[in-house]
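Asker: Residue 561 is where the sequence shown starts when you use the numbering used here, and the numbers rise one by one after that.
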Amino acid sequence: MIVSSSGLASGLLNAAVLALSARNGQTGEIATYAVVTAALTLVAVAVAGGSPLLYISGDAGQRRAVRSQWVFLTLPIMALGTLAVGAFYSRSGYEWPAMLAVGAVAMGNNLALLQLSDLARDLRFGSSALVICGCKVPALVMVAGGARLSTALLVAAAVQFLVAEACLGRRSWLRPGQLADLSPRRALSVFRMNRHLFTYTVAEYFGGRVTTVALSLLATPRVMGAFGAVISIYQALGGVLLATLRVPMVGRVRSRQGIGSAAPDRQAELVAVLGAAMIAAVTMVAAPWIVGDLLRLPSPGAVLWLMLLAAALPFLTVVRAVTLNQIGDAAYRQATRIMLLNAGLITPLALVAVPLAGPTGAAAATLAAEVLTAAALGLAVLGRRGRLSA
């Protein structure tokens, strides 16, 4: 309940920040956030794909190796990636200060995934809620006061880091004892440990970001600003559902490693799937109000984009419920196969639909890929049951 509530609160705060930014005419800032975040996520995946999942599901040695990787490889390369992304998109009218600020935010969020994993493994979901939601409040206040979105997000990232460090206490990333365990050799060893999870994360990136990246190469900053606001709502809602699914995954990890007495929680999975259906229905009905009265987006097709993306949420939740369960059981290869199927579906769909239909094609490709992946899983389950009955 705490995880679901904090995820929902975080999603609402994100929506409020975006709504105020859009109402203040900061579509350029939203566009910068969308394209830079998508590009830097690719950089993080290329450098350390799968490491956050290994960090939450692995043993003590694997977790130390992931810490080393973040310090010696991920952080420096993401910093260089920010400069490269900025140099590329500055030619399309995006502003350097905003891109640098968003780059710093992306690096902070990458670290936050590991900090939240530390809290989740200890079942400290109240502290996780404080970290997730607490940082959004100053951002909301700043945007309401007229501050730029990129500046507000940068302050939020700093608050998030400090609150997480305070909650971790003796396990803080900045403690000398934690830093003494880090080494470049351990950083390089991660690539051997998480080869399946690396492939999984790369495939998941394409499933979630390839449409945004493809559209950013064709659309103007004005169109990207509108689509960025819509896709951010979809990602925020998806984040709420995925946060709920992390609970049974953590239970599986703790049960497998003999940590405490937590057991897999099937109820959380049912809540997530039913919640996804309800959220999708409400979002589709409220789409005209969200796009028009709340966000005041200038693009006439934005209502359709949001409806298409909302329809994908239940299917996305079913697919991720299966893959996260498999990761919790250390069945990394099976989870990777499913995500490769998802990426294999959405990539050609995006390459065809985005040039033909722009943002509408991007949203439609996302929906089609999630539906087809969920359908393939359903057929696989039916086939397996048939073989068992025989």
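Virtual Cβ for every residue (Gly too), placed ideally from N, Cα, C. Note that the coordinates shown come from a computational prediction; the quantities given were computed from them, not determined experimentally.
Should Q586 be counted as a contact of the ligand PLP given a C-beta to heavy atom distance under 7 Å?
Answerer: With respect to the ligand PLP, the structure shown offers nothing to examine, as it has no ligands at all.
Asker: Tell me whether Q827 is buried or exposed, calling it buried when 16 or more other Cβ atoms sit within 10 Å of its Cβ.
Answerer: exposed
Asker: According to DSSP, simplified to helix, strand and coil, what is C693?
Answerer: C693: helix per DSSP, three-state reduction.
Asker: Would you kindly work out how many angstroms separate the C-alpha atoms of L857 and A934, rounded to a whole number?
Answerer: 32 Å
Asker: Helix or strand or just coil, what does DSSP make of E655?
Answerer: coil
Asker: Between L868, D853, T926, A936, which lies nearest to V882 when the distance is taken from Cα to Cα?
Answerer: A936
Asker: Can you give me the C-alpha to C-alpha distance between R708 and R814, rounded to a whole angstrom?
Answerer: Roughly 42 Å separates the two Cα atoms.
Asker: Short of 6 Å in beta carbon distance, which residues of its chain neighbour F632, apart from the five on each side in sequence? Order them along the chain.
Answerer: P744, A747
Asker: Kindly indicate the opening and closing residues of the alpha helix (DSSP H) around G621.
Answerer: According to the DSSP assignment, G621 belongs to the alpha helix (DSSP H) that extends over 620-629.
Asker: Pick out the complete alpha helix (DSSP H) segments inside the region 862-907, 4 residues or longer, and give them in chain order.
Answerer: DSSP runs (the alpha helix (DSSP H)) wholly in the region 862-907: 862-888.
Asker: Ends of the alpha helix (DSSP H) at R812?
Answerer: 781-817
Asker: Beta-carbon within less than 8 Å of R681's beta-carbon, same chain only, minus the 5 sequence neighbours each way: which residues are those?
Answerer: I616, V810, V813, R814, I819
Asker: From P612 to L674, what distance separates their C-alpha atoms?
Answerer: P612 and L674 have their alpha carbons spaced roughly 6 Å apart.
Asker: To which residues of the same chain is G879 closer than 6 Å at the C-beta, ignoring the five residues directly before and after it?
Answerer: The sequence shown places Val at residue 879, not Gly. If we look at V879 and ignore the five residues flanking it on each side, its Cβ neighbours are T933, A934.
Asker: For the pair the region 598-607 and the region 725-732, tell me if three or more CB-CB distances fall below 8 Å.
Answerer: Contact fails: fewer than three Cβ-Cβ distances are below 8 Å.
Asker: Which of the three DSSP states, helix, strand or coil, is assigned to Q827?
Answerer: Secondary structure of Q827 (DSSP, three-state): helix.
Asker: Mind checking G785: buried by the 16 CB within 10 Å criterion, or exposed?
Answerer: buried
Asker: Quick one, which of L742, A576, T780, M753 has its alpha-carbon nearest W630's?
Answerer: L742
Asker: S743 by DSSP, collapsed to three states: which one?
Answerer: Collapsing the DSSP output to three states places S743 in coil.
Asker: State buried or exposed for W656, treating a residue as buried only when at least 16 other CB atoms are found within 10 Å of its CB.
Answerer: Exposed is the call here.
Asker: Can you name, in chain order, every residue of its own chain whose Cβ lies under 8 Å from the Cβ of T772, other than the five neighbours on each side?
Answerer: A594, V595, A598, F787, G788, I791, A922
Asker: Among A591, T926, T592, which one has its Cα closest to the Cα of G768?
Answerer: T926
Asker: Suppose you measure from the CA of L637 to the CA of L855; what does that come to, to the nearest Å?
Answerer: Per the sequence shown, residue 637 should be read as Ile rather than Leu. Cα-Cα distance, rounded: 35 Å.
Asker: Less than 8 Å between C-beta atoms, sequence neighbours within five positions excluded: which residues of the same chain meet that for G668?
Answerer: A717, A718, Q720, F721
Asker: Going by DSSP in three states, N574 sits in which element: helix, strand or coil?
Answerer: For N574, the secondary structure class from DSSP, reduced to helix, strand or coil, is helix.
Asker: Given a cut-off of 8 Å, decide if A890 and L905 are closer than it, judged by their beta-carbon atoms.
Answerer: no
Asker: Can you list, in chain order, the residues of its chain whose CB lies under 7 Å from that of T587, leaving out five sequence neighbours each side?
Answerer: If the five residues before and after T587 are omitted, its C-beta is found closer than 7 Å to the C-beta atoms of R782, G785, A786, all from its own chain and listed in chain order.
Asker: Rounded to the nearest angstrom, what separates A847 and S570 at their Cα positions?
Answerer: Take the alpha-carbon of A847 and the one of S570: they are about 19 Å apart.
Asker: Leaving out five residues before and five after A862 in sequence, what residues of the same chain have Cβ atoms less than 6 Å from its Cβ?
Answerer: A786, V790, V851
Asker: Expressed to the nearest angstrom, what Euclidean distance is found between the alpha-carbon atoms of L614 and N754?
Answerer: If you take the alpha carbons of L614 and N754, they lie about 7 Å apart.
Asker: In its own chain, which residues sit with a C-beta less than 6 Å from the C-beta of P874, not counting the 5 before and 5 after it?
Answerer: A836, A837, A840
Asker: Can you name, in chain order, every residue of its own chain whose Cβ lies under 6 Å from the Cβ of A712, other than the five neighbours on each side?
Answerer: Result list for A712: A699, M702, V703, in chain order.
Asker: Hey, how far is the Cα of L572 from the Cα of L734?
Answerer: 31 Å
Asker: Taking only three categories from DSSP, how would you classify K859?
Answerer: The question names Lys, but residue 859 in the sequence shown is Ser. Coil.
Asker: For A910 and I793, what's the separation of their Cα atoms in angstroms?
Answerer: 20 Å
Asker: By the three-class DSSP mapping on this structure, what secondary structure does Q586 have?
Answerer: coil
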